[in-house]
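All residue numbers for the sequence shown refer to my numbering, where the first residue is 7 and numbers rise by one.
Don't be surprised by glycine CBs; every beta carbon is placed ideally from N, CA and C.
Computed from a predicted structure; not experimentally measured.
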Amino acid sequence: MGRRNRHNEPKVGGNRQAKIAARAAEREELSVEPRPFAGFAGECDMVAMREFVPSATATLTTVGGGREVTLATVLPGAIAALVRDEELGGEAMVGLQVQVHGPDPAADLAFAIDWAGRAGGGETLTSSHPTESTPSLADVVVKDAPLEIVVHDDFSWWVAEGVQVAPEIEQAVRNANEVMMPSARVEADGIEAAWWVDAGERAHIRWVRPEDEDPLFEALARVHAAGGLHLGEGSRFAGSFRTHGLLVPVFDLDREMHHQEWAPGLQELDARLREALANDTPLTSEERSSRDGLRARQVTLR
Numbered sequence: 007m008g009r010r011n012r013h014n015e016p017k018v019g020g021n022r023q024a025k026i027a028a029r030a031a032e033r034e035e036l037s038v039e040p041r042p043f044a045g046f047a048g049e050c051d052m053v054a055m056r057e058f059v060p061s062a063t064a065t066l067t068t069v070g071g072g073r074e075v076t077l078a079t080v081l082p083g084a085i086a087a088l089v090r091d092e093e094l095g096g097e098a099m100v101g102l103q104v105q106v107h108g109p110d111p112a113a114d115l116a117f118a119i120d121w122a123g124r125a126g127g128g129e130t131l132t133s134s135h136p137t138e139s140t141p142s143l144a145d146v147v148v149k150d151a152p153l154e155i156v157v158h159d160d161f162s163w164w165v166a167e168g169v170q171v172a173p174e175i176e177q178a179v180r181n182a183n184e185v186m187m188p189s190a191r192v193e194a195d196g197i198e199a200a201w202w203v204d205a206g207e208r209a210h211i212r213w214v215r216p217e218d219e220d221p222l223f224e225a226l227a228r229v230h231a232a233g234g235l236h237l238g239e240g241s242r243f244a245g246s247f248r249t250h251g252l253l254v255p256v257f258d259l260d261r262e263m264h265h266q267e268w269a270p271g272l273q274e275l276d277a278r279l280r281e282a283l284a285n286d287t288p289l290t291s292e293e294r295s296s297r298d299g300l301r302a303r304q305v306t307l308r
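What follows is the structure in structure tokens.
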């Protein structure tokens, strides 16, 4: 048997090994469904809660009617899940914004929900580790159940009501509250996943749209070319980003206005976009120019 050529083996910690690992990670990422929460009634809000909403919760409707599970933006320490002590109600909670995650957010979430349904009071799950035997998200969550979201002004919900906590826990809640930007979900008929945030010098609305990216981009281009890509006086289209296979238009806003004052502007823009989505004629030269300009201002969140 011939001797192995060690020159062909990647050096531990070397550039070649890093490139091999990067390519493997890229292949794994490309094999994952680009819209991990597709088909779920709350897909757009789930994406928002995972990517940029600071403090919000929602009760998940689990398959089989087992233990109730609360979906949260982030849990203390950005862990995957926890179950409170039985004397504190035994509430099970899973987090979307986690410190350690794999390439498939739906698989991570399914693992955490499955774990939370079986764990004992006082247990915590630092990170999800899906395997081939892990149920799919559709196996543990009812897909067409509406997601009733509660937006919180702070992170006091991290601590069960009436509980005396250690000083370090109190400090962790205070630290989280101090860096949290005021946020709200704009409530309006027909409008889903439009999230307002006060970023200090200005406010923004990030609007997670459910349409496939290419048709929506063409619709945005048509509306932009016609001068209608705004939410009314005091607003300006700032650009867009894509995440989890969805497009998120972003608008800069007059921060002196209450977030609900933007509801009529969102409904009017939604009507313009729906009309543009139904238009299957080729883009005009002006609309193509608008599309190219919009794409140049797009970023991708991973």
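Query raised in the report: Going by the beta-carbon positions, is the gap between residue 64 and residue 155 smaller than 7 Å?
Result: yes
**Report entry** residue 59 to residue 113 span [Cα, whole Å]
**Finding:** 21 Å
Query raised in the report: Once you ignore the five residues that flank residue 209 on each side, which residues in its own chain have a CB closer than 6 Å to its CB?
Result: The beta carbon of residue 209 sits closer than 6 Å to the beta carbons of 259, 261 from its chain, once the five residues preceding and following it are set aside; these are given in chain order.
Requested in this report: Assign residue 99 to one of two classes, buried (16 or more other C-beta atoms within 10 Å of its C-beta) or exposed (fewer than that).
Outcome: buried
Query raised in the report: Is residue 103 helix, strand or coil by DSSP?
Result: coil
Query raised in the report: Comparing alpha-carbon positions, which option in 171, 140, 150, 185 lies nearest residue 160?
Result: 185
Query raised in the report: If you check the beta carbons only, do residue 67 and residue 151 fall under 7 Å apart?
Result: yes
Query raised in the report: What residue does the alpha helix (DSSP H) around residue 297 start on, and which one ends it?
Result: Residue 297 -> alpha helix (DSSP H) spans 291-302.
Query - Whole beta strand (DSSP E) elements within the region 214-296, 3-residue minimum - result: 241-249, 252-259
Query raised in the report: How many angstroms separate the CA atom of residue 237 from the CA atom of residue 254?
Result: 15 Å
Query raised in the report: Just to confirm, are residue 91 and residue 127 a CB contact at a threshold of 7 Å?
Result: Against a cut-off of 7 Å, the Cβ pair of residue 127 and residue 91 comes out as a contact.
Query - Cβ separation of residue 199 and residue 54, assumed to be a contact under 8 Å, to the nearest whole Å - result: 5 Å
Report task. With a threshold of 16 other CB atoms inside 10 Å of the CB of residue 303, please say whether the residue is buried or exposed. Result -> exposed
Report task. Would you tell me roughly how many angstroms separate the C-alpha atoms of residue 216 and residue 234, rounded to the nearest one? Result -> Answer to the nearest angstrom: the Cα atoms are 20 Å apart.
Report task. Please name the residue, chosen from 94, 104, 197, 89, that lies closest to residue 271 on a Cα-to-Cα basis. Result -> 197
Query raised in the report: To the nearest whole angstrom, what separates the beta carbons of residue 86 and residue 131, a pair I think is in contact under 8 Å?
Result: 5 Å
Query raised in the report: Which first and last residues belong to the alpha helix (DSSP H) in which residue 85 is found?
Result: Note, residue 85: premise wrong, no alpha helix (DSSP H); not H, not E.
Query raised in the report: Around the Cβ of residue 79, are there at least 16 other Cβ atoms within 10 angstroms (buried) or fewer (exposed)?
Result: buried
**Report entry** Own chain partners of residue 189 with C-beta closer than 7 Å, once the 5 adjacent residues on each side are dropped
**Finding:** 59, 60, 157, 201, 202, 203
**Report entry** For residue 197, the three-state DSSP class (helix, strand or coil)
**Finding:** The answer is coil: DSSP assigns residue 197 none of H, G, I, E or B.
Query raised in the report: Hey, would you say residue 212 sits closer than 7 Å to residue 293, going by beta carbons?
Result: no
**Report entry** Proximity to residue 51 [Cα-Cα], best of 274, 252, 263, 283
**Finding:** 252
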